[in-house]
Amino acid sequence: DTAVSQTPKYLVTQMGNDKSIKCEQNLGHDTMYWYKQDSKKFLKIMFSYNNKELIINETVPNRFSPKSPDKAHLNLHINSLELGDSAVYFCASSQSPSKRGVYGYTFGSGTRLTVV
Amino acid sequence: GEDVEQSLFLSVREGDSSVINCTYTDSSSTYLYWYKQEPGAGLQLLTYIFSNMDMKQDQRLTVLLNKKDKHLSLRIADTQTGDSAIYFCAESQGGSQGNLIFGKGTKLSVKP
């Protein structure tokens, strides 16, 4: 029933490891996003995909690689994890901008990544 | 460039009204949104206002928009402890078809 679901909810890993976070939406949206929320709760967009195509790629280290196998899924793979990658990562989805209107974005509940 | 500004903290007593303010820069924003983030949870859309409106009321929530000053506010009447959360203002960049740009969030603390 969950509209935007992310797994895992918590992820604790050592520096240097590679990890993935998965996101799935069952709302029929065609645009998906990854946001990073830092310890001060500031939200920064990282990536946006529309119909499996990358449309936003903010200044993010290339250790971060998004992959969208279909428009209902957007995964985030992170290589060589660093301490500064510790944050909460949110997935979101929306209709494509021309259809989005009042509905804005629907967010997942977040993945808290802790790098030790 | 696009920038959405909010004060970071607001503390009120239970039963009082809370007013959270936001300024934005993109005058072509068609919709402006308020999102609520409770501890440990994702952001939930609380309300929105269309740019040709000055005010929108929804139960205890009142959104005021001053388009000339690019100022948006969210008033919560009879604030309850359950309203304690972070409130994010967001504008749609470049009109209705743009991406959402979020403010840094205002942490509302409600004291009993």
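Taken in order, these protein sequences are the chains called A and B. Here our numbering is used: the first residue of the first sequence is -18, the next is one more, and so on. Here our numbering is used: the first residue of the second sequence is 145, the next is one more, and so on. By construction, the Cβ of each residue, glycine as well, lies at the ideal position given by its N, Cα and C atoms. It should be emphasised that the depicted structure is a prediction, and the values quoted were computed from it without experimental measurement.
What residues match up with D202(B) in a beta bridge as DSSP calls it? As a first step, residue 202(B) must be located in the second sequence, where it is residue number 58. Answer by DSSP bridge pairing, in chain order: L205(B).
Nearest-angstrom Cβ-Cβ length linking F246(B) and V148(B), presumed shorter than 8 Å: In the second sequence, the residue the question calls residue 246(B) occupies position 102. In the second sequence, the residue the question calls residue 148(B) occupies position 4. In this structure F246(B) touches V148(B) by the C-beta definition: roughly 6 Å separates them, less than 8 Å.
Through-space distance from L152(B) to L218(B), alpha-carbon basis: Counting from 1 along the second sequence, the entry for residue 218(B) is found at position 74. Counting from 1 along the second sequence, the entry for residue 152(B) is found at position 8. Taking the CA atoms as reference points, L218(B) sits about 14 Å from L152(B).
Any beta carbon of chain A sitting closer than 8 Å to that of G145(B)? As a position in the second sequence, residue 145(B) is number 1, starting the count at 1. At G145(B) the pLDDT is 49, less than 50, meaning the model places this residue with poor confidence; the figure from the coordinates comes in the next sentence. So, not an interface residue.
Under 8 Å, Cβ to Cβ, is there at least one residue of chain B near K22(A)? Here residue 22(A) refers to the residue found at position 41 when the first sequence is read from its first residue. Closer than 8 Å: yes.
Does DSSP classify D(-1)(A) as helix, strand or coil? Here residue -1(A) refers to the residue found at position 18 when the first sequence is read from its first residue. Secondary structure of D(-1)(A) (DSSP, three-state): coil.
Would you mind giving the Cβ-Cβ distance between D11(A) and N38(A), rounded to the nearest angstrom? I have them listed as a contact below 8 Å. For the purposes of this step, residue 11(A) is identified with residue 30 of the first sequence, where counting begins at 1. For the purposes of this step, residue 38(A) is identified with residue 57 of the first sequence, where counting begins at 1. Incorrect: roughly 18 Å between the Cβ atoms, too far for contact.
Using alpha carbons as the reference points, say which of L(-8)(A), C4(A), K(-10)(A), V97(A) lies closest to A53(A). In the first sequence, residue 53(A) corresponds to position 72, counting from 1. It is C4(A) whose Cα lies nearest to the Cα of A53(A).
Report buried or exposed for P(-11)(A), applying the criterion of at least 16 other Cβ atoms within 10 angstroms of its Cβ. Looking up residue -11(A) in the first sequence gives position 8. Exposure of P(-11)(A) is indicated by the presence of fewer than 16 other C-beta atoms within 10 angstroms of its C-beta.
Going along the chain, which residues of its own chain have a beta-carbon closer than 8 Å to the beta-carbon of K255(B), five neighbours each way excluded? If you number the second sequence from 1, residue 255(B) lands on position 111. Excluding sequence neighbours, K255(B) sits near S155, V156, R157, E158.
First through last residue of the beta strand (DSSP E) which encompasses K17(A): Taking the first sequence and counting its residues from 1, the one referred to as residue 17(A) is at position 36. Start and end: 12 to 18.
Starting from the C-beta of Q(-13)(A), find all residues in its chain whose C-beta is less than 6 Å away, skip the five residues before and the five after it, and write them out in chain order. As a working mapping, residue -13(A) is identified with position 6 in the first sequence. Hits under 6 Å: C4, C72, G89, T92.
Taking only the alpha-carbon atoms, compute the straight-line gap between C166(B) and S61(A) and give it to the nearest angstrom. What you label residue 166(B) is simply residue 22 of the second sequence in a count that begins at 1. What you label residue 61(A) is simply residue 80 of the first sequence in a count that begins at 1. One C-alpha to the other measures close to 38 Å.
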